[in-house]
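Residue 1 is where the sequence shown starts when you use UniProt numbering, and the numbers rise one by one after that.
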Amino acid sequence: MRVSHALLLMYLHIGNDPPDYPRLEPYAKYECWIDPMVAQFAPYTPQQARGGSDGIAEALEVQYRTAVLRGKDVGFLRVIEGNVESARAALVKARRLAHGNRVLVHYNGHGMPQATMLGEVWMFSRDRTHYVPLNILDMAELVHSPTVYVIDCNAAGWVLQRWYAERQHEQLQELRAHDLFICACAANEMLPLSPALPADLLTSCLTTPLKMALEWYIGFSQLKILLPHVTDDMIRSLPGDITDPCTPQGDLQLVLTAVTETVAWCAMEPAQFQYLLRQDGSTAALFRNAVLADWLIRAIGCTPVMHPPLSEEAHVHPIWELWVYTVERTVSQLPALLSPETPQGYVTSSFFSDQLTAFEVWIDSGDLSELPEQLPSVLLALSLPQHQLRIFTLLVKYLDASRVAGQRTIRCGVLPYMGRFMAQRPELFLVITVLWMQLIRADPAAGCAEMQRCQGERYFIGLLKLDERATPTTAVEYGQAGGHALRPGACAPPVSPPRGPRPRPRHPRREGRNSRSEGTRHSCRKKILKGDAPSTSPSEIP
């Protein structure tokens, strides 16, 4: 159920304060990181543009495509300062184009009255002389389900409350089961007007999460005074590529993704986490960034609300302190990185190494019946080659605990990695084979479906053809061999300690007949490939 179309309803009414919420200088102005008053009088603004709102709407579309939709083919519709009839027509058109896919409806009403207790947001009359309300129930009837609503206006919580009241009917619960909401503030709350923040605080968190997190650090972090040599301009011009984890931007972006996923993993049921963050990439990015919005907006006195609801303890999770520490460690290197005379190389954060160590300690001495908090970070670290061997060995060790451990790992999103690494990293083939076995034991339907999708049976046929006597091997336990760390690229199936009662002795007549197959399975479980590739490697299988 992917997002295929988006509708932007922009009602900024630039140059006019909301009638029920006058704003006094200085106050938050930026919309999509653009000053509306500057955009209104920009020389390139066409005459038919709605006072700069067109440029802001275009910037919002670019931000959505970059941070949330990530290059996916999503159609956009815009209603900019339009009347209520044009908004209704756009809602109907969005559903007609999307068919059964999810529609994203983004409403920005910063220039309009606050939402009402009846769940109404405001638009213009045909001649733009009056404010006309549009009820959330009418919107839901026009755009149907599934839809994700982003409501960025004062008292946005009334919209969700009205939707909840109507959804109490059993029939509507089935019809609206896949509708999602993200609202900027609770009922009876007003959006913050601090000049250190953008006016569209929720929108900025959803569409430019790293930039918004750094801006919050500049304006509100009390620990920033410990780095007097780091200027605000240095932080705003953070170097690097957001897709390269070896650069400051890419490193912080990956850590921020891990932090928000960890909070969501701890604040939601595993089934809800899988539904929101593992089925559709766009919906996952939106709700990851909504977790960041919940932390930032609560820190300045507002309470964002969403459906499905997030735990009230999400914003006080201790991993937020680790995020602030990671930001400080990164920005403290900026003077050396930006020095024109002797620029130095960037030292990546130790976030993922620390998370893997915490996960390993928890496996060795923790209660394995509890939820593993580090699991989302562990899976994200698979994108870093230096951690892949260690991660797979730790996962095998964890999944030895019980079937529940395997089911939790599947809900956290391990399956898509399996086929990918089986094809891309043949040296990890044996340890991935052991992990496949454990995942299929935990959830046969999901494990076999993913194996069929990635054609994993081709690789397992190659495993049956391995000649144990002709393949050099060495014993390995949890990524260590002979007391030394394995060289990069080695394959390390772990040796797990025995669990449960001692196995019964086999019948002597079956001993010889099964010795070959048992020996093969034993080597796959406790030994690794070493040196030259076997005569039949997985990569050579047709």
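Glycine is no exception: its CB is placed at the ideal position from the N, C-alpha and C atoms.
**Request:** Within 10 angstroms of the Cβ of Q374, are there 16 or more other Cβ atoms? Answer buried if so, exposed if not.
**Result:** Classification for Q374: buried.
**Request:** Could you check if V92 is buried or exposed, using at least 16 other CB atoms within 10 Å of its CB as the buried criterion?
**Result:** By the 10 Å Cβ count, V92 comes out exposed.
**Prompt:** What number of angstroms, rounded off, separates the C-alpha of N16 from the C-alpha of M37?
**Reply:** Taking the straight line from one Cα to the other gives about 11 Å.
**Asked** Counting pairs of Cβ atoms below 8 Å between the segment 246-254 and the segment 266-281, do you hit three or more?
**Response** The segment 246-254, when compared against the segment 266-281, does not touch it at the 8 Å Cβ threshold.
**Asked** Who are the near neighbours of A358 in its chain, counting only those whose CB is closer than 6 Å to its CB and skipping five residues on each side?
**Response** Only Q374 meet the Cβ criterion.
**Request:** State yes or no: is the C-beta of L104 within less than 8 Å of the C-beta of T207?
**Result:** L104 is not a Cβ neighbour of T207, given a cutoff of 8 Å.
**Request:** Have a look at T257 and D354 and give me their C-alpha separation to the nearest angstrom.
**Result:** Approximately 16 Å, taken between the alpha carbons.
**Asked** Relative to the alpha-carbon of R78, which residue among R102, Q63, T129 and H106 has its alpha-carbon at the smallest distance?
**Response** Of the listed residues, the one whose Cα sits closest to R78 is H106.
**Prompt:** Within 10 angstroms of its Cβ, does E81 collect 16 or more other Cβ (buried), or is it exposed?
**Reply:** By the beta-carbon neighbour count (other beta carbons within 10 angstroms, threshold 16), E81 is buried.
**Prompt:** Going by other Cβ atoms of all chains shown within 10 Å of its Cβ, with 16 needed for buried, is P195 buried or exposed?
**Reply:** That one is exposed.
**Message:** Assuming W265 is part of the alpha helix (DSSP H), what are its boundary residues?
**Reply:** Run containing W265: P248 to A267, per the alpha helix (DSSP H) assignment.
**Request:** Please name the residue or residues paired with A6 in a DSSP beta bridge.
**Result:** The secondary-structure analysis by DSSP pairs A6 across a beta bridge with F76 and L104.
**Request:** Could you pull out every residue in the same chain whose Cβ sits closer than 6 Å to the Cβ of H315, ignoring the five residues on either side in sequence?
**Result:** Hits under 6 Å: D294, W295 and R298.
**Prompt:** Are the C-beta atoms of V396 and some chain D residue less than 8 Å apart?
**Reply:** In the displayed structure, chain D is absent; only one protein chain is listed.
**Prompt:** Could you check where the alpha helix (DSSP H) with Y217 kicks off and where it finishes?
**Reply:** Looking at the DSSP string, the run of the alpha helix (DSSP H) that includes Y217 is P209 to F220.
**Prompt:** Are the Cβ atoms of C302 and P209 separated by less than 8 Å?
**Reply:** No. Outside cutoff.
**Request:** Name the two residues that bound the continuous beta strand (DSSP E) containing I182.
**Result:** Taken as a continuous stretch (DSSP letters only), the beta strand (DSSP E) holding I182 covers L180 to C183.
**Message:** Quick check on W436: does DSSP put it in helix, strand or coil?
**Reply:** In this structure, W436 counts as helix in the three-state DSSP scheme.
**Message:** Only counting the same chain, and skipping five residues up and downstream in sequence, which positions put a Cβ closer than 7 Å to that of I34?
**Reply:** Cβ within range, chain order: G55, I56 and A59.
**Request:** Assign Y325 to buried or exposed, taking buried as 16 or more other Cβ atoms, counted over all protein chains shown, within 10 Å of its Cβ.
**Result:** Within 10 angstroms of the beta-carbon of Y325 lie fewer than 16 other beta-carbons, which makes it exposed.
**Message:** Let me make sure I understand the geometry here. Which of A115, L322, P416 and V431 has the alpha-carbon closest to that of T260?
**Reply:** Closest option to T260, judged by alpha-carbon separation, among A115, L322, P416 and V431: L322.
**Prompt:** With R329 and L356 assumed to form a contact (beta carbons below 8 Å), what rounded beta-carbon distance in angstroms separates them?
**Reply:** Actually they do not touch by this definition, with Cβ atoms about 18 Å apart.
**Item:** Euclidean distance between Cα positions of V3 and R176
**Value:** A direct Cα-to-Cα measurement between V3 and R176 gives close to 16 Å.
**Request:** Put A293 into one of helix, strand or coil per three-state DSSP.
**Result:** In the structure shown, A293 sits in a helix (DSSP, three-state: H, G or I).
**Item:** Candidates D400, V132, E215 and Y459, of which the one nearest M422 by Cα
**Value:** For M422, the closest of D400, V132, E215 and Y459 by C-alpha to C-alpha distance is Y459.
**Request:** Taking D73 as the reference, give the member of N83, A89 and N101 with the closest Cα.
**Result:** For D73, the nearest C-alpha among the options comes from N101.
**Prompt:** So is the beta-carbon of S145 under 7 Å away from any non-hydrogen atom of the ligand ATP?
**Reply:** In the structure on display, the ligand ATP does not appear, and there are no ligands present to speak of.
**Distance, P343 Cα to A39 Cα** = Straight-line Cα distance between these residues: approximately 37 Å.
**Request:** Could you check what DSSP says for E174 in three-state terms: helix, strand or coil?
**Result:** The three-state secondary structure of E174, taken from DSSP, is helix.
**Prompt:** Distance, Cα to Cα, C183 vs A156?
**Reply:** Each residue's alpha carbon lies about 6 Å from the other.
**Request:** Measure the alpha-carbon distance for F76 versus H5 and round it to whole angstroms.
**Result:** Each residue's alpha carbon lies about 6 Å from the other.
**Request:** Determine the extent of the beta strand (DSSP E) in which I391 is found, giving its start and end residues.
**Result:** Run containing I391: none in the beta strand (DSSP E); it sits in the alpha helix (DSSP H), Q388 to L399.
**Message:** Between the alpha carbons of C239 and T247, how many angstroms are there, rounded?
**Reply:** One point to set straight first is that residue 239 is Pro, not Cys, in the sequence displayed. It is roughly 7 Å from the alpha-carbon of P239 to the alpha-carbon of T247.
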